[in-house]
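Each remark here refers to the structure printed beneath this line.
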Amino acid sequence: MAKDFARTDRIAEQIQRELAELIRLEVKDPRVRKVTLTGVTVTNDHAHAKVFYTSLDGDSPDLLLGLERAAGFLRSQLAHAMKLRITPQLHFVYDASVERGAHLSQLIDQAVASDKKD
137 MAKDFARTDR
147 IAEQIQRELA
157 ELIRLEVKDP
167 RVRKVTLTGV
177 TVTNDHAHAK
187 VFYTSLDGDS
197 PDLLLGLERA
207 AGFLRSQLAH
217 AMKLRITPQL
227 HFVYDASVER
237 GAHLSQLIDQ
247 AVASDKKD
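Each residue of the sequence shown is one higher than the last, beginning at 137 in our numbering.
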């Protein structure tokens, strides 16, 4: 019987929880304060983690620069909090799905409104 919940998935969820808490409480960079973590994927060897984020301000280069600058601090704090043998390198990737969803919702609302007029 295959495992329903792989170890890498559990590690990814724990990394997401820990990073969200660290960004909220520990990171002092104002560029990073308005970020929301939407997901984390970890490679099978646990050496790398893609951290997907979004922001109300959209994808700004300053936000990515702030996250990359804080990556070393965040990784060291993860190492203390999670007690993993290998703490993954953090790679930040902008997640545009929230913006796409809002745009599609707006288009649907416009289509429904125009149908009601006709």
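Even for Gly, the Cβ is constructed at its ideal location relative to N, Cα and C.
Around the beta carbon of L226, 16 or more other beta carbons lie within 10 angstroms, which makes this residue buried.
In the DSSP assignment, the residues bridged to L226 are A185. In this structure, the straight-line span from the alpha carbon of K186 to that of L199 is close to 16 Å. Out of K219, A142 and G208, the CA that lies nearest to the CA of N180 is found in A142. By alpha-carbon distance to H182, the top candidate from E162, Q150, D193 and F209 is Q150. For V168, there is no enclosing beta strand (DSSP E), since its DSSP letter is neither H nor E. Excluding its 5 nearest sequence neighbours in each direction, Y230 has C-beta neighbours in its own chain below 6 Å: D195, listed in chain order.
Contact between the region 205–220 and the region 240–248 is absent: fewer than 3 CB-CB pairs across the two stretches fall below 8 Å. The Cβ atoms of T144 and V178 lie closer than 7 Å to each other. Counting only runs of 3+ residues, the beta strand (DSSP E) found wholly inside the region 187–254 occupies 225–230, in chain order. Y189 and R221 have their alpha carbons spaced roughly 25 Å apart.
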